[in-house]
Amino acid sequence: MAEMREARHGWHKQDLQVVLVPTMGALHDGHLSLFSQARNYGDIVLATIFVNPKQFGPGEDFAKYPRMIQQDIEKLTMARVDAAFLPNAADMYPQGFQTCVSNKLMSKSLCGASRPGHFDGVLTVVMKLFNIAQPHVALFGKKDYQQWRIISQMVEDLNMPVRVIGCETIRDQDGLAKSSRNAYLQPDDRQQALALSQGLKKVNELFVTGERRPEALIEQFNKIIRDYPHIDLDYFSIRSQDNLAEFSNLVDSPAVALVAAHVGKTRLIDNIELNHE
Ligand code: AMP
C-alpha cells in the first residue's frame with residue numbers, strides 16, 4: 028500500500044497520466060486487451076489484481092475462484108504493464124472497516140437481483156482503488172455490462188475525477204466470452220454455453236432486420252435456449268444501454284441484450300449491444 032502511494036505520488040509529480048485496469052486475476056485475453064487499450068489513454072498502465080471478498084455472496088465461489096499469481100505476473104510482464112498493485116484483504120479491509128458505497132437503482136435488477144450486495148462490494152473496492160491509485164482514466168470490460176454502467180454512474184454521481192471507459196468483449200473463436208470462470212466448465216457444459224453467445228447473435232440479427240418489440244426479441248432468444256438442457260437461465264433482458272431501464276413499449280433507443288445463466292455449476296454472463304443503424 029505504501030509503495031503504491033509512493034509510486035502514484037511520483038507519477039503525479041511528473042505529470043504522468045495514470046490508467047487503471049482493475050482485475051481479479053486469472054488473466055486471459057479479455058484482460059490483456061484492456062491492458063493494451065490502456066496504452067492509448069495515458070502514460071502509466073497500472074493493473075490491479077485483487078479477489079475482492081466483499082463482492083462474493085455466501086455460497087458463491089470466493090474460496091475456489093481461480094488464483095494463479097505466478098502466471099499472472101508473467102502475463103503482466105509480457106503485456107508490458109508499467110506497474111501492478113496486488114493488495115491483500117487485510118490491507119484493503121482492516122479490522123474495524125465499516126463503510127460501503129451503495130447504488131440504489133441500477134444494482135437492484137439483473138445480476139443484482141440474484142447476487143444481493145454484489146455491486147455494493149464492487150463499488151466499494153473500485154472507490155478504494157480509485158482513492159489509492161488516483162488514476163486519470165480507468166478501463167472496464169463491457170463483458171460485465173451492468174458493472175461498467177454502475178461504476179460510470181458512481182463516478183458521475185460522486186463527482187469523481189476519473190474518466191471511465193468501457194471496452195469491447197473479447198471472445199474465443201467459437202464466440203464464448205472469455206472469463207476466468209470458463210475454467211470451471213466441463214467440456215459438455217462448455218459446448219452448451221455456446222448457445223448463450225449464439226442466442227445473443229440471433230437476437231441482434233433479428234433486431235437489425237427491424238424487429239423492435241422486446242417480447243419478440245426475447246422469444247427469439249428463448250427459442251434457441253430451450254434446446255439446451257444444461258442451461259439454467261437466470262435472466263435474459265433487453266435494456267437501455269445508458270441506464271439499464273426496461274423498454275415499456277418498443278426498443279427505440281440504444282439497447283443491450285443481457286443474459287445470465289448457470290451452465291452446469293458455473294454462472295456465466297454475456298451481452299450484445301443492439302445498435303440502431
Ligand atoms: P475480472 O477479473 O473478471 O474482475 O475482470 C476484470 C476486468 O476485465 C473487468 O473490467 C471485466 O469486465 C474485464 N473483462 C473480463 N472478461 C472480459 C472479456 N472477455 N472481454 C473484455 N473485458 C473483459
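If you count by the numbering used here, then the sequence shown holds residues 28 to 304, one letter each, in order. By construction, the Cβ of each residue, glycine as well, lies at the ideal position given by its N, Cα and C atoms. This one's a predicted model, so the numbers in the text were calculated from it and none came from an experiment.
Annotation: D88 is outside any beta strand (DSSP E) and is labelled neither H nor E by DSSP.
Under the three-state reduction of DSSP output, S136 falls in the coil class, being neither helix nor strand. For Q174, the closest alpha carbon among the candidates N186, S129, M187 and P188 is that of S129. By the criterion of a C-beta distance shorter than 7 Å, G144 is surrounded in its chain by G84, once the five residues flanking it on both sides are discounted. The beta carbons of A287 and D254 sit no closer together than 7 Å. The nearest non-hydrogen atom of the ligand AMP is 6 Å or more from the C-beta of T126. P80 is positioned such that its CB atom lies no closer than 7 Å to that of A210. Cβ neighbours of G202 within its own chain (closer than 8 Å, five residues either side excluded): L221, S224, Q225 and K228. By the neighbour-count definition (other C-beta atoms within 10 Å, threshold 16), A117 is an exposed residue.
In terms of Cα proximity to K292, the closest of L150, D88 and L113 is D88.
The alpha-carbon of H289 is positioned some 25 Å away from that of C194. The DSSP assignment places 241-252 as complete runs of the alpha helix (DSSP H) inside the segment 219-301, in order along the chain (cut-off: 4 residues). G148: not part of any beta strand (DSSP E); member of the alpha helix (DSSP H) spanning H145 to A160, first to last residue. Straight-line measurement puts the Cα of V230 at about 6 Å from the Cα of F248. When Q200, I197, R239 and K170 are compared, the shortest CA-CA separation from A282 is found for R239.
Pairing I100 with K250, the inter-Cα distance amounts to about 43 Å.
Between L61 and V48, the CB-CB gap stays under 7 Å. Distances from the CB of H58 to the heavy atoms of the ligand AMP include at least one below 6 Å.
In this structure, the C-beta of A160 stays at least 6 Å away from each heavy atom of the ligand AMP. In this structure, the alpha-carbon of I76 lies about 15 Å from that of R107. Contact check for F146 and S136: beta-carbon distance about 11 Å, past the 8 Å limit, so the pair fails to qualify. For the pair V164 and V182, the Cα-to-Cα distance works out to about 11 Å. Boundaries of the alpha helix (DSSP H) harbouring A65: D56 to A65, taken from the DSSP string. Its chain contains A74 and L103 as the residues whose beta carbon lies nearer than 6 Å to that of A111, once the 5 sequence neighbours on both sides are disregarded; these appear in chain order.
Within the DSSP secondary-structure output, F167 pairs in a beta bridge with G193. Residue state for R176 is assigned as helix, using DSSP reduced to three classes. I258 has its CB no nearer than 6 Å to any heavy atom of the ligand AMP.
N298 sits close to L285, with the two beta carbons spaced by under 7 Å.
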